[in-house]
Structure formats: C-alpha cells, structure tokens
Amino acid sequence: MTPIDHEQITSTTESPQGESQLATNLAEREHIEIDLLLEGMHRLYGYDFRNYARASLTRRIWHHVHSEKLGSISALQERVLHDRSCFERLVQNLSIPVTEMFRDPHLFRMFREKVVPLLRTYPYIRIWHAGCSTGEEVYSMAILLHEEGLLDKARIYATDMNNRSLQQAREGVFGIERMQLYTKNYLEAGGTRSFSEYYTARYQSVIFQPFLRKHIIFAEHNLATDRSFNEFNVILCRNVMIYFDDKLRERVHGLFHESLSRFGILVLGSKESMQFTGYSDSYEPLDRMEKVYRKIN
Ligand SMILES: C[S@@+](CC[C@H](N)C(=O)[O-])C[C@H]1O[C@@H](n2cnc3c(N)ncnc32)[C@H](O)[C@@H]1O
C-alpha cells in the first residue's frame, strides 16, 4: 500500500489527474482506517465485521462517526477501543434490525401451502431463525404453526448477534402503531383468525400471548464466528446475508448446509439466492420465486 502524506496530496491537486489521484489516496486511506477499526473490534470484543459488504458498511461507519461528533474513522477507532459503550452503539448501528411481522406475506402463504404438508410428516420439528432481529418473524412463524396445529411439536430457535434486539424479542412487546400493517400482512399471509387474538394492548404497546413464546428459544449466535449448534428441519435466514461479502456468505451457507437435516428447507430473503454459492447443487428449489430451497445432498 502507498503511504499517503500531506505534501503528496497538495502537490497532486493541480491537474485533473492530480484530482483523481487525490480521490484514490483518500479512498485508500478510508479503506485502511476501516480495516484497522474492524480488526480492533474483532480482536478486542470478538465481533467480526471484516467480511461485511464494504459499501453499506462504510456508509454506516461514517454515519456513526458523525453521530459520535467525531472527525474521522481513526478517531472512532480510538473511542471504540477505549469505551465499550461506544463499541456497543456502533454494533447497534451496524446491525440494521429492520423487520416486520409476516414480512413478504406471500412467502408465509407459500410456506403454509408447500412446507407445512412436509412438516406434518415429522414427529418433531426444529426451526432456526438466523438473524431474527427483534423477533417479529419468529412470532409470525409461531402463529402460523399454531394455526396449522404444529406448534406443540415444534421447537423454534431464534438467534441474532445483537443482544439488545434479542432482549426485545424475548419480551414480545411491539409498538401498537405497527398492528395495522401487521394485521394486513397476516391476512395476506393466509391468516385464518382475528389477528388481535394473539396480543393484548397496553397503552402504546402490545404484548404477544405467552403460549407463542413457550416454544421459542432465543439465543445469541454470530453467523460470522459461531458454529452449528443443532440439526434443523427448516432454517430461515432472510435479509441478513445481503450485508455480507461473498466469503462470509459462503461460510454461512456452509453452516446452514451442515445444520440442515436431509430434505431440510432453507428460506432466504426476497433479494437473496443460492445461485453462485458453492452449495447450489446441494439444493433444489421448492419455490424459486420465494427463495425456498430443499436440501437434496
Ligand atoms: C434486516 S434484519 C432481518 C430480520 C429478519 N430476518 C427479517 O427478514 O425481517 C438483519 C438482522 O441480522 C442480524 N445480523 C447481522 N449480522 C449478523 C451475524 N453475523 N450473525 C447473526 N446475526 C446477524 C442483525 O443483527 C439484524 O437483526
């Protein structure tokens, strides 16, 4: 890597080539600063963001630099390494916990139609939601299984690297203002009851019925660093790997392949696919449009 000094930067700005050289130098410096920040976070706190897709990671890091009222990524690195609470705020910022109940309702409708009949044939069902965020996707699945008469024989493992999101997921408390959207999604997803049966409203929040939670195990698990921990009939990992680079995506596909039982089902997000991964031959599409795959070898 070329070292960058101030003299070089000023002397290169006097021509168009100089300007482009300056831009290259700045990009190079940003790259180095981000590498050092991520290396430090990994070594000190064990959180590994080194193989996240660079463009969106860079935007989020800069956003965090500004929200901490700092002037550079190096200054952020200094604070992160000396102040755990700053590190925790950064993890929140990098975690992107956006989610909703019955997100992509057509997927849940398809799940009822094509996956549930397969699950009926099993004596016991284990489902893993990897990257479950604040739990909306998991409660949606618990409701679906309940309506299909499968919840009692199911164990749902809901994991995320973000402990704060997991805590909210465990509590099962969500903002009341979201219920209109969630009711609409639920009905589009093939819901057969009145959605409000599943929660009790309290001021500005709703709490979901405890019987739904009884079959869910919430636990911290980091897809970048942790190993497989059980065998599953279904794994859902939606809208998580879009933030990873090819190398990390490949690792996670390896983890899922190892963790799925024979003929197990893998559900990806609407913008994700098995294509171009080293595991594409190990699955057949159960529904190509919905990104639902069945492990065949
Ligand atoms: C956009 S949310 C997706 C939530 C839900 N699956 C959905 O589709 O609505 C992405 C989640 O992935 C989690 N995540 C990101 N990197 C992770 C990692 N290395 N290990 C586990 N979870 C991760 C984030 O903390 C966040 O909660």
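My numbering runs 393 ahead of the 1-based position in the sequence shown.
Positions of the beta carbon are idealized from the N, C-alpha and C atoms, including for glycine.
No experiment lies behind these values; they were computed from the predicted model shown.
Start and end of the alpha helix (DSSP H) containing residue i?
i	result
V645	D639 to S652
G691	Residue 691 lies beyond the stretch modelled for the chain, which goes from 394 to 690, so this question has no answer here.
I454	R447 to S460
I689	Note, I689: premise wrong, no alpha helix (DSSP H); not H, not E.
Y672	First-last for Y672: undefined, no H or E at that position.
F480	R477 to S488
R532	Strictly speaking, residue 532 in this sequence is Tyr, with Arg absent from that position. It spans E529 to E540 - the alpha helix (DSSP H) in which Y532 sits, taken as one unbroken run.
Counting only the same chain and skipping the five closest in sequence on each side, list residues whose C-beta sits under 7 angstroms from that of residue i.
i	result
A535	L544, I549, L605, H608 and I609
D441	H435, A617 and T618
P396	Residue placement at P396 is poorly supported in this model, since its pLDDT is 42, which falls under 50; the coordinates are not used for a value here.
Y517	K546
T403	With a pLDDT of only 48 at T403, under 50, the local geometry of the prediction cannot be trusted, and the value read off the model is given with reservation. Cβ within range, chain order: n/a, list empty.
R563	F611
Y532	M494, G565, F601 and L605
L437	L474
I466	E423, E426, I427, L430, I454 and V458
Nearest-angstrom Cα distance between residue i and residue j?
i	j	result
Q597	S408	59 angstroms
N444	S587	43 angstroms
M682	D674	18 angstroms
T552	R482	20 angstroms
D497	P603	25 angstroms
L431	E493	29 angstroms
Q573	L500	19 angstroms
K340	E570	Absent from the structure is residue 340, since the part of the chain shown begins at 394 and ends at 690.
L679	T593	36 angstroms
C479	H459	13 angstroms
S654	H456	41 angstroms
S666	L469	35 angstroms
D428	R447	10 angstroms
K684	H475	43 angstroms
T633	G662	Looking at the sequence shown, residue 633 is not Thr but Val. Their Cα atoms are separated by approximately 8 angstroms.
L537	S589	14 angstroms
K507	A582	13 angstroms
D398	I454	Residue placement at D398 is poorly supported in this model, since its pLDDT is 45, which falls under 50; the coordinates still yield a value, given next. Roughly 23 angstroms between the two C-alpha positions.
E541	Y515	14 angstroms
Locate the beta strand (DSSP E) running through residue i, then write down its first and last residues.
i	result
V393	Not covered by the structure: residue 393. The range shown for the chain is 394 to 690.
L679	Y676 to D680
H522	I518 to A523
T576	Element bounds for T576: not the beta strand (DSSP E) but the alpha helix (DSSP H), M572 to E581.
E613	I609 to E613
With a threshold of 8 angstroms (Cβ to nearest heavy atom), would residue i be considered close to ligand 1?
i	result
S526	yes
V491	yes
S558	yes
M554	yes
G568	no
N623	no
G565	no
Y335	This structure cannot speak to residue 335, because the chain is shown only from 394 to 690.
N615	yes
V509	no
C630	yes
A523	yes
By Cβ distance, which residues of its chain are closer than 6 angstroms to residue i, with the 5 residues on each side in sequence left out?
i	result
S558	P490, S526 and T527
Q349	For residue 349 there is no data in the structure shown, the boundaries of the chain being 394 and 690.
E423	none
S488	N555
Indicate, with yes or no, if ligand 2 has a heavy atom lying under 8 angstroms from the CB of residue i.
i	result
E530	In the structure shown, ligand 2 is absent; the only ligands present are ligand 1.
Excluding sequence positions up to five away, which residues of its chain have a Cβ less than 8 angstroms from the Cβ of residue i?
i	result
T670	R642, E643 and H646
I689	F656, S675, Y676 and E677
Q401	Below a pLDDT of 50, predicted positions are generally treated as unreliable, and Q401, at 47, falls in that range; the measurement from the model is reported next regardless. Correct list, in chain order: N418.
D638	N444, Y445, A446 and R447
When you compare the CB of residue i with every CB in chain D, is at least one pair closer than 9 angstroms?
i	result
S460	Although the question refers to chain D, the structure presented lacks it and comprises just one protein chain.
ask   = Do the stretch 620-631 and the stretch 504-524 make contact, defined as three or more Cβ pairs closer than 8 angstroms?
value = The stretch 620-631 makes contact with the stretch 504-524; the number of CB pairs closer than 8 angstroms reaches 3 or more.
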